[in-house]
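Read the structure below first, then the notes.
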Amino acid sequence: MTKPLIEIDHLVKKFGDNTVLNDISETINQGDVIVVIGASGGGKSTFLRSLNLLNKPTSGKIAFEGTDITGLSEKELDQVREKMGMVFQQFNLFPNMTVLENIKLAPMKVKNATDAEATAQALALLKQVGLEDKAEAYPASLSGGQMQRVAIARALAMSPDVMLFDEPTSALDPEMVGEVLKVMQDLAKSGMTMIVVTHEMGFAHEVADQVWFMDQGVIAEKGTPEQIFSAPKEERTKDFLSKVLAQ
Amino acid sequence: MKKKWMRWLTALLVLLSFLGFSGINHVQAADDSLQKVKDKGVLVMGTSPDYPPYEFLVNDGGKNTTVGIDISIAKQIAKDMGVKLQIKSMDFDLLLVGLQTGKVDMVISAMTPTSERKQSVDFSELYYTAEQSIIVNKADAKLYKDKDSFVGKKIGVQTGSLQADLAKEQMSSSPQLGLAKYTDLVLALKSHKVEGIVAEEPVALAYVQHDPDLALINGKFTLDPSENGQAIGFAKGATSLVAAANKSIDKIKKKGLIKQYMTEAADKMTTNTTDTSMIHYWKYFAKGIGYTLLITAISVVIGVILGTLLALMRLGKNKLLHALAVAYIEFVRGTPLMIQVMFVYFGLGIFLDIPALLAGIIAVALNSGAYVAEIIRSGIESIPVGQTEAARSLGLSQKQTMQSVVFPQALKNIWPALGNEFISLIKESSIVSIIGVTDLIYQLKVVQTATYKGVQPIIVAMVIYFVLTFGLSKILGYFEKRMKHDEATH
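Structure, rendered in structure tokens:
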């Protein structure tokens, strides 16, 4: 039996009068790879950022590994966030630190790892993402694809239980998208639970266990990639897919 | 007493008393001012030592020593009381404030007991009465006979002085230029910004004797015998101190000691001016540099700590702390540093006896903190929110995020602005000279007074300030480059 990792219960998020997430209740099981698709402004990013409470829900509950995290203090949240790695569209590497320092920072500060431990782990992760030769480089000298792979390695350094990807390839030049998706695909194969907001339909098709289509603040339709891409039931899903696939 | 400052300080004192502070009023039913001085064993006199032969500074074995007729008189008074004499220097304009706030027990600074001044302080009897003269350029000496020859010509006076009042009343058709220092007035005379300077005869003589380009004419002013002359100022109600001083003055007059004091002062002035090269006075400037750097360095450190704290308060979620920080920053930025210096020294000085140097450092540091706070705030706000989000998503706490991610980047961004603030501090700290802190500006005035040379000390001080700020600018530039280095490793 699969174990629920994240349980979302009547999640609502409003920015002022604008309801961005409208009563979402879903469960994400351990090992799931979920790809969230949908038009811009549909609430995908807000949904993802609500899961680790970078955005605080207006109402509703989110349980992570069985614990409701919506009522936690900032200090308790820090401990939850360690276990939820996040990768951003804009990479958000720390420009004042080398690649190695970027990856070592959180293990050393939060987990009190020694410099030697953190370095060994960081180098192993860099090897995993194919960038072991960039350990001493500063982010400004890397390409977008390289920066995003470092960002993934940085998130993995905290040994998270789930990885959240917020449009990880949207800011990349087309020729660099492949190298990042490859790393993510390998990660999925290794059994990591992943929630990926993306416009890469090929990736969704190949890697996802489930595809969620978000529209106007709700999960309008969900299913296996085959169900969503070959036989969408909802009119708005068809509409969206025909626009995206026509490109 | 310059009226502008008087108004400010009165307002300040009124404000303080509104806030519920007491102890401003030193008047007590039974006057114990003399007993108090005797108890502490020290008589503190305030003076503005830029007025030879009454009070001026000499280089006594490398040390600044205040000497002159007034100092000799003060020594005699202290001796008669059986206490030690301590001299506090400050701008002439601030002397009466010093009295009112208890910074000094008496003021001897060739001060004339005008009826205006009598309203705020008590005076001893006159210890000296002098004629009023006018200093002119020697080349023009034939053009002027007395005060009436200056119709339509600009005349120089020391601000807040008896001479300023006299000129206003009896030379009403001559526009006035008021400056705080006689050395500056002489400069104005030589560059024909004014055509004459009204000064007391001994003072005028001192300048004329040391400068062959100057000449002296008798002003022939009509003088009120009760107001013409010098007396010692005391806090209102300090009758026992006044009585003690009067006793000493009587003795000095009876023995004819003033004449002797004058000769001594003249001797000291001659030794002062035997070598007027700037090199001879290098120790003065060196001491000034030392104090300027000391004040700046301490203020920078305190300013950065305070500024960081204020910036975090302002950016934080706590509404009370936020409001406090905003109020502090706005208030400090909205009031002149000069007023803040006076507030700390005289205003807070009522409750705490803060030495001038410490008061200066406190004021400059508190002032700098407000500016640094705004620089740091802008630096923190310049860091994209994604940096914070990335750090927090890794499990770093708010504090760790600030320390390891946001602050180091912010520091790099604000470095030029911070550097600018530090360079301004070197220059702006010069304002502490008004309360007698011996910084570079103060020493510049000392050298001007001692050498009767106006321009050269200014040039020396200017060059020194430039070397200091340029040096600092270079050092800051070096660190800026080092911080940029992380982006240059392509």
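In the order they appear, the protein sequences are chains A and B. All residue numbers for the first sequence refer to our numbering, where the first residue is 1018 and numbers rise by one. All residue numbers for the second sequence refer to our numbering, where the first residue is 4 and numbers rise by one. For each residue, glycine too, the CB sits at the ideal point set by N, CA and C. Keep in mind the model is a prediction, meaning the values are calculated, not measured.
Asked	Found
Chain A residues whose Cβ lies nearer than 9 Å to that of glutamine 412 of chain B	Phe1111, Pro1112 and Asn1113
Interface partners of arginine 1098 of chain A on chain B, CB under 8 Å	Arg395, Ser396, Leu397 and Gly398
Beta-carbon spacing of proline 1177 of chain A, lysine 1100 of chain A below 8 Å	yes
Cβ shell of methionine 486 of chain B (< 8 Å), same chain only, five flanking positions each side left out	Leu414, Lys415 and Trp418
Closest by C-alpha distance to valine 189 of chain B, when choosing among B:Ile158, B:Ser243 and B:Leu99	B:Ile158
Beta carbon proximity, glutamate 483 of chain B to chain A, threshold 8 Å	no
Given serine 1042 of chain A as reference, the closest of A:Ala1130, A:Ala1152, A:Ser1076 and A:Lys1151 once Cα atoms are compared	A:Ser1076
Where glutamate 1184 of chain A sits in the DSSP three-state scheme	coil
First and last residue of the uninterrupted alpha helix (DSSP H) at proline 1191 of chain A	1191-1206
Cβ-based burial, isoleucine 72 of chain B [other Cβ within 10 Å; buried from 16]	buried
Chain B within 8 Å of phenylalanine 1230 of chain A, Cβ atoms only	no
Valine 53 of chain B versus glutamate 377 of chain B: straight-line alpha-carbon distance, rounded	Per the sequence shown, residue 53 of chain B should be read as aspartate rather than valine. Distance between the alpha carbons of aspartate 53 of chain B and glutamate 377 of chain B is about 39 Å.
Beta-carbon proximity of valine 211 of chain B to leucine 219 of chain B, cut-off 8 Å	yes
Buried/exposed call for alanine 368 of chain B, threshold 16 Cβ in 10 Å	buried
Same chain only: Cβ atoms within 6 Å of isoleucine 1245 of chain A, ignoring 5 sequence neighbours per side	Val1228
Contact set between glycine 389 of chain B and chain A, taken where Cβ atoms lie within less than 7 Å	Phe1105, Gln1107 and Asn1109
For threonine 1036 of chain A and histidine 1027 of chain A, the rounded distance between their alpha carbons	13 Å
Contacting residues, own chain, Cβ-Cβ under 8 Å from isoleucine 357 of chain B (five flanking each side not counted)	Val347, Tyr348, Leu351 and Ile365
Proximity below 8 Å, CB of alanine 1237 of chain A to CB of arginine 1253 of chain A	yes
Three-state secondary structure (DSSP) of leucine 1110 of chain A	coil
Beta-carbon gap between glycine 259 of chain B and threonine 132 of chain B smaller than 8 Å	no
Contact check, threonine 115 of chain B vs isoleucine 90 of chain B, beta carbons under 8 Å	no
Lysine 1100 of chain A beta carbon near the ligand SAH (any heavy atom closer than 7 Å)	The model depicted lacks the ligand SAH and carries no ligand whatsoever.
Close-in-space but distant-in-sequence residues of the same chain around lysine 1260 of chain A (CB under 6 Å, 5 per side omitted)	none
Contacts that leucine 1071 of chain A makes with chain B (C-beta to C-beta distance below 8 Å)	Glu392, Arg395 and Ser396
Pairwise C-alpha distance: phenylalanine 425 of chain B and glutamine 166 of chain B	41 Å
CA-to-CA distance, valine 470 of chain B to lysine 456 of chain B, given in whole angstroms	22 Å
Contact list for the region 1197-1212 of chain A against chain B, Cβ threshold 7 Å	none
Close-in-space but distant-in-sequence residues of the same chain around serine 92 of chain B (CB under 6 Å, 5 per side omitted)	Pro52 and Gly439
Sub-8 Å separation of threonine 186 of chain B and threonine 472 of chain B beta-carbons	no
Contact with chain B by lysine 1121 of chain A, beta-carbon distance below 8 Å	no
Test: valine 1127 of chain A CB closer than 8 Å to a CB of chain B	yes
Partners in chain A for valine 408 of chain B, counting only beta-carbon separations shorter than 9 Å	Phe1111, Asn1113, Met1114 and Leu1122
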